[in-house]
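Colleague:
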Amino acid sequence: MLLSELAEKELIEMENGVRFGFLAETECIFDPKTGIIYGFELLDQSAKMPFQKKKPTQTLFIPWEEIHLIGEDRILFRKAKPTRKQYD
């Protein structure tokens with residue numbers, strides 16, 4: 001699979017069906033020495049809601065271990081976490 005094809009996939013949380021946008025809208029966190037992907041960092045869904053009062057944006061993190069399925073159109077994951085662990 002090409003990276004450009006992966007970027008077009010929609011992120012959906014399995015537990016409650018919430019859409020978190022597309023993988024292209026995230027930051028991929030990985031170890032440049034080994035190439036191990038730790039996960040994806042994205043903005044909080046509530047920050048994208050139109051006509052809502054602007055809150056300070058909170059980042060969410062989807063650990064690679066939480067990804068359940070990479071399908072033809074979507075990436076299903078179990079749960080996003082409020083912050084990521086330090087991977088330094």
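Counting in the working numbering, the sequence shown runs from 1 upward without gaps.
A virtual CB, placed ideally from N, CA and C, is assigned to each residue, including glycine.
May I ask which residues mark the beginning and end of the alpha helix (DSSP H) holding L2?
Modeller: Here L2 belongs to no alpha helix (DSSP H), and DSSP marks it neither H nor E.
Colleague: Would the beta-carbon of P82 fall within 9 Å of that of L60?
Modeller: Judged by their CB atoms, P82 and L60 are nearer to each other than the 9 Å cut-off.
Colleague: Between the Cα of K79 and those of G71, F30, E15, G35, spot the shortest distance and give me the residue it belongs to.
Modeller: E15
Colleague: Alpha carbons only, please: which of Y38, E72, L42 is nearest the one belonging to E66?
Modeller: Y38
Colleague: Give the DSSP-derived three-state secondary structure of E13 in the structure shown.
Modeller: DSSP places E13 within a strand segment (E or B) once states are collapsed to three.
Colleague: Use the C-beta contact count for L11: other C-beta atoms within 10 angstroms, 16 or more gives buried, fewer gives exposed.
Modeller: buried
Colleague: Return helix, strand or coil for E25, following the three-state DSSP convention.
Modeller: Helix, per DSSP.
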